[in-house]
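Engineer:
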Amino acid sequence: MNKKQRNKRVPLQLNPGYLFNMGANHEAWRYLGAHFEGGAWVFRVWAPRAAQVDLTGDFNQWGLQPMIQDEDTGIWEGIVSEDISGSYYKYHVVHHDGREVLKADPFALEQELRPGTASVVAKMDPYDWKDAAWMRRRRAQNPDKKPLNIYEVHLGSWMRHPDGRFYTYGELKERLIPYVVEMGYTHIELMPVMEHPNDESWGYQVTGYFSVTSRYGTKEEFKAFIDACHGAGLGVLLDWVPSHFVKDEHGLLYFDGTATYEPMDYHKAFNPGWGTMHFDFSKTEVQSFLLSNALFYLKEFHADGLRLDAVSSMIYLDYADKAFTPNEKGGNTDLQAIAFLQHLNEVVQDEVPGAIMIAEESTAYEKTTWPVSQGGLGFHYKWNMGWMNDLLAYMEMLPEHRVLSQRKLNFSFVYCFKEKYILPFSHDEVVHGKRSLLEKQPLDLYHQFAGVRLLLAYQFCHPGKKLNFMTNDIAQRMEWRYQSELEWVGLEHEKHAGVQHLVHTLSELYRSERSLYEQEMEPQGLEVLDAENPQCIVSFLRKGSRKKDFLVCLFNFQAEERKAVRVGVPYEGIYEEVLNTELLEFGGTWTKTQGLFVAKAGQTNGQSFYIEVILPQLAGLVIRPVHLKGDRRTKD
267 MNKKQRNKRV PLQLNPGYLF NMGANHEAWR YLGAHFEGGA WVFRVWAPRA AQVDLTGDFN
327 QWGLQPMIQD EDTGIWEGIV SEDISGSYYK YHVVHHDGRE VLKADPFALE QELRPGTASV
387 VAKMDPYDWK DAAWMRRRRA QNPDKKPLNI YEVHLGSWMR HPDGRFYTYG ELKERLIPYV
447 VEMGYTHIEL MPVMEHPNDE SWGYQVTGYF SVTSRYGTKE EFKAFIDACH GAGLGVLLDW
507 VPSHFVKDEH GLLYFDGTAT YEPMDYHKAF NPGWGTMHFD FSKTEVQSFL LSNALFYLKE
567 FHADGLRLDA VSSMIYLDYA DKAFTPNEKG GNTDLQAIAF LQHLNEVVQD EVPGAIMIAE
627 ESTAYEKTTW PVSQGGLGFH YKWNMGWMND LLAYMEMLPE HRVLSQRKLN FSFVYCFKEK
687 YILPFSHDEV VHGKRSLLEK QPLDLYHQFA GVRLLLAYQF CHPGKKLNFM TNDIAQRMEW
747 RYQSELEWVG LEHEKHAGVQ HLVHTLSELY RSERSLYEQE MEPQGLEVLD AENPQCIVSF
807 LRKGSRKKDF LVCLFNFQAE ERKAVRVGVP YEGIYEEVLN TELLEFGGTW TKTQGLFVAK
867 AGQTNGQSFY IEVILPQLAG LVIRPVHLKG DRRTKD
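Under my numbering, think of the first position of the sequence shown as 267, with each following residue one higher.
(1) Pop quiz: S522 and P314 are said to be a contact at Cβ under 8 Å. What is the actual Cβ separation, rounded to whole angstroms?
(2) Roughly how many angstroms separate the alpha carbons of S628 and D531, rounded to a whole number?
(3) Identify the continuous beta strand (DSSP E) that holds G474 and give its terminal residues.
(4) Just to confirm before moving on: does the CB-CB distance between N650 and I624 stay below 8 Å?
(5) For N464, which residues in the same chain have their Cβ closer than 7 Å to its Cβ, ignoring the five residues on either side in sequence?
(6) Along the chain, where does the beta strand (DSSP E) containing D796 start, and where does it finish?
(7) I need the straight-line Cα distance from N676 to N559, nearest angstrom please.
(8) Below 8 Å between beta carbons: does that hold for L733 and I341?
(9) Quick check: the Cα distance between E376 and M288, rounded to an integer number of angstroms?
(10) Put Q271 into one of helix, strand or coil per three-state DSSP.
(11) By a C-beta neighbour count over all protein chains shown, 10 Å radius and 16 as the cutoff for buried, is P800 buried or exposed?
(12) Between S579 and Y585, what straight-line distance do the alpha-carbon atoms span, to the nearest angstrom?
(13) Sorted by chain position, which residues of the same chain lie with C-beta nearer than 6 Å to Y475's C-beta, five sequence neighbours on each side aside?
(14) Take F325 and list the residues in its own chain whose beta-carbon comes closer than 6 Å to its own, dropping the five residues that flank it on each side.
(15) In the segment 341 to 407, which residue ranges form an unbroken alpha helix (DSSP H) of at least 4 residues, counting only runs that do not cross its ends?
(16) Could you give the C-beta distance for A716 and L884, rounded to a whole number, given that I count them as a contact under 8 Å?
(17) Output the distance between the C-alpha atoms of S671 and E793, rounded to the nearest integer angstrom.
(18) Which whole-angstrom value is the C-beta distance of G501 and R777, which I expect to be below 8 Å?
(19) Tell me the rounded alpha-carbon separation between D546 and N611.
(20) For the alpha helix (DSSP H) containing L802, list its first residue and its last residue.
(21) Just how far apart, CA to CA, sit Y357 and K633?
(22) Within the same chain, show all residues whose beta-carbon is closer than 7 Å to that of T550, passing over the 5 residues directly before and after it, in chain order.
(23) Buried or exposed: where does N281 fall if 16 or more other Cβ atoms within 10 Å of its Cβ makes it buried?
(24) With three or more beta-carbon pairs closer than 8 Å as the criterion, would you say the segment 506 to 514 touches the segment 389 to 404?
(25) In its own chain, which residues sit with a C-beta less than 6 Å from the C-beta of L564, not counting the 5 before and 5 after it?
(26) If we call anything under 8 Å between Cβ atoms a contact, is F816 one with P891?
(27) Could you give the uninterrupted runs of the alpha helix (DSSP H) lying entirely in the segment 612 to 699, keeping only those of 4 residues or more?
Written out as structure tokens, the structure is:
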């Protein structure tokens, strides 16, 4: 009885279960899971090698209602003829060795709030979106030619109520969105909002891939949050974890008693560093599951892009130095995972034009952001982990020792256009004993704040899109703690408030100066003036497509003011200082800018003219042309 073949009413090639098996069902959540069809709730779950699957929940006093398996697809189905919306349920899965396990529904649209682990019978009700104009603009824009300035947020610790309660999606809509807009960011990136059992995983160990976490409210309220972001001119990027899943028994682990979502080879399946299980990308059902999940958030929730976590762990079989079996070519890469990533990015580009796909890829894997047609993975951007690691290591040195490590500072100029990069100072860099950006800086408090201001100015001026974790723009002293809100009280101190004002100023500069974003992904957008200076001074030009669109960027990484510093400029004319990180308004000591500079003839840094400036210690300057000789409209 429980293995009966269902009578299909549609051709096999159109059957959603068959398409799921073939890796071709991009909306598998509309078929699998719980759905209200014809006045009854229909439950479907893929467990091809289970001996038996039963439906159990509070609607039947947690009794066992046998389900029927379609032997062709491996999908079990059960029907409840009454409306049980809001009920808790699980699947009682019997293994062939007789073991019995209760499983949450992998396709559930809602999950019980932790520590509960049940799925919730729920519909995907229509939502009245008001972001049509935003979505049209997004489809028409080329993100390479626009500023991309990302504020990375963990919703549970951005701000909390005095009693420690989380802010809801609705409350975050009223508090978080205005803050991000005021600071000048273009996008919010949310650490995973998919349901997860443990707060300490920050969302990266998922059990409910199709369930928005109930910690902060409902899926409808989350849609309203994204809608409000779009209404305020903000994009929303979601962290997504297709690389691995948590080993909690109620999750995907050995779902039908065998390796279902994970590889059969335990060495390939298990990630010893995180204690999690990798997906088996060779399985077409897993491909359908993950493709459907990506498109679920991009289409149903209008997310503007996904940041894929731990892509390196997908690509490399020996990631984290684990034992591995070479691929069929004798190499150490997972060819099926690579093919999946390529297919995923092509599908997203085809079905959700304008959505941004970002890779957190921590190695130098080549062509991550190249088109699939050119042998690439097809991502729009990847995090520049090498730039970030080198720069932070450089900044942690005593200033007098930095001259021996200039390679850490200037090496990025060699490769910064080989991929399309985002420059990330993410949550990973301010936790687990790594210290906050402020505490990474050496010397006393004055020099620490100056170092943070220098670091952030260098990030905004260096080619590459920008990402900062939520602790950075207030120069939080303590490491990030997921258990409590940010140290907002620090803003009562002028030094913290000064860093916040600087980030706001940098954000506005980034958005207003074409030279900082228009050719950000192209070599002609950068001309290095001096990167080998023995005084640890770095200078370069950032360029737009028009002659007058350029900025002169100078940085002093020594704790010593430099006077009469000559820096080359391409044209004769008048220049002005538009940013000085040592100004009093940013928490520094200078009360005013240096005003205007008149370019003089003389070969300097490969340029025919130069200006002469004072460069404060541990500071950055940005200078732009006011009037170039022979150009009447330079400053427009």
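Yeah, the Cβ is synthetic: ideal placement off N, Cα and C, and Gly gets one too.
Bear in mind the structure is a predicted one, so any value in this text is a computation, not a measurement.
Structural biologist: With the structure as the only source:
(1) Mapped onto the sequence shown, residue 522 falls at position 256. Mapped onto the sequence shown, residue 314 falls at position 48. According to the sequence shown, residue 522 is Asp rather than Ser. Indeed, because the Cβ distance is near 6 Å, the residues count as touching under 8 Å.
(2) On the sequence shown, residue 628 is found 362 positions in, with the first residue counted as 1. On the sequence shown, residue 531 is found 265 positions in, with the first residue counted as 1. Distance between the alpha carbons of S628 and D531: 25 Å.
(3) Locating residue 474 in the sequence shown gives position 208, counting from the first residue. Run containing G474: 474 to 478, per the beta strand (DSSP E) assignment.
(4) Along the sequence shown, one-based indexing puts residue 650 at 384. Along the sequence shown, one-based indexing puts residue 624 at 358. In this structure, I624 does not lie closer than 8 Å to N650 by Cβ.
(5) The residue you call residue 464 lines up with position 198 of the sequence shown. So the list reads Q471, once near-sequence residues are dropped.
(6) Residue 796 sits at position 530 when you count from the first residue of the sequence shown. Segment 792 to 796, the beta strand (DSSP E) holding D796.
(7) On the sequence shown, residue 676 is found 410 positions in, with the first residue counted as 1. On the sequence shown, residue 559 is found 293 positions in, with the first residue counted as 1. In a straight line, the C-alpha of N676 is about 40 Å away from that of N559.
(8) Taking the sequence shown and counting its residues from 1, one reaches residue 733 at position 467. Taking the sequence shown and counting its residues from 1, one reaches residue 341 at position 75. No, Cβ-Cβ distance for L733 and I341 is not below 8 Å.
(9) One-based indexing of the sequence shown puts residue 376 at position 110. One-based indexing of the sequence shown puts residue 288 at position 22. When rounded, the distance between both Cα atoms is 26 Å.
(10) Your numbering for residue 271 matches position 5 in the sequence shown. Confidence at Q271 is low in this model, with a pLDDT of 43, below 50, so its placement is unreliable and no value can be given for it.
(11) For the purposes of this step, residue 800 is taken as residue 534 along the sequence shown, with counting starting at 1. With fewer than 16 Cβ atoms within 10 Å of its Cβ, P800 is classed as exposed.
(12) If you number the sequence shown from 1, residue 579 lands on position 313. If you number the sequence shown from 1, residue 585 lands on position 319. Computed Cα separation, rounded: 5 Å.
(13) The count along the sequence shown starts at 1 and reaches residue 475 at position 209. Only M460, N559 meet the Cβ criterion.
(14) Numbered from 1 along the sequence shown, position 59 holds the residue referred to as residue 325. If we look at F325 and ignore the five residues flanking it on each side, its Cβ neighbours are I350, S353.
(15) 398 to 406
(16) Walking along the sequence shown from the start, residue 716 turns up at place 450. Walking along the sequence shown from the start, residue 884 turns up at place 618. About 4 Å; that satisfies the 8 Å criterion.
(17) Residue mapping note: residue 671 aligns to position 405 of the sequence shown, counting from 1. Residue mapping note: residue 793 aligns to position 527 of the sequence shown, counting from 1. So the alpha carbons of these two residues sit roughly 22 Å apart.
(18) As a working note, residue 501 is residue 235 in the sequence shown. As a working note, residue 777 is residue 511 in the sequence shown. Their Cβ separation, rounded to whole angstroms, is 13 Å, which puts G501 and R777 out of contact at 8 Å.
(19) Indexing the sequence shown from 1 puts residue 546 at position 280. Indexing the sequence shown from 1 puts residue 611 at position 345. Going by the C-alpha atoms only, they are around 18 Å apart.
(20) In the sequence shown, counting from the first residue as 1, residue 802 sits at position 536. The amino acid occupying residue 802 in the given sequence is Cys; Leu does not appear at that position. Here C802 belongs to no alpha helix (DSSP H), and DSSP marks it neither H nor E.
(21) Your numbering for residue 357 matches position 91 in the sequence shown. Your numbering for residue 633 matches position 367 in the sequence shown. The alpha-carbon atoms of Y357 and K633 are separated by roughly 42 Å.
(22) Stepping through the sequence shown from its first residue, residue 550 is reached at position 284. Around T550: N287, M288, G289.
(23) Counting from 1 along the sequence shown, the entry for residue 281 is found at position 15. N281 comes out buried.
(24) no
(25) As a position in the sequence shown, residue 564 is number 298, starting the count at 1. V618, A621.
(26) Taking the first residue of the sequence shown as position 1, residue 816 is located at position 550. Taking the first residue of the sequence shown as position 1, residue 891 is located at position 625. Yes, these two residues count as a Cβ contact at 8 Å.
(27) 651 to 662, 672 to 676, 678 to 681
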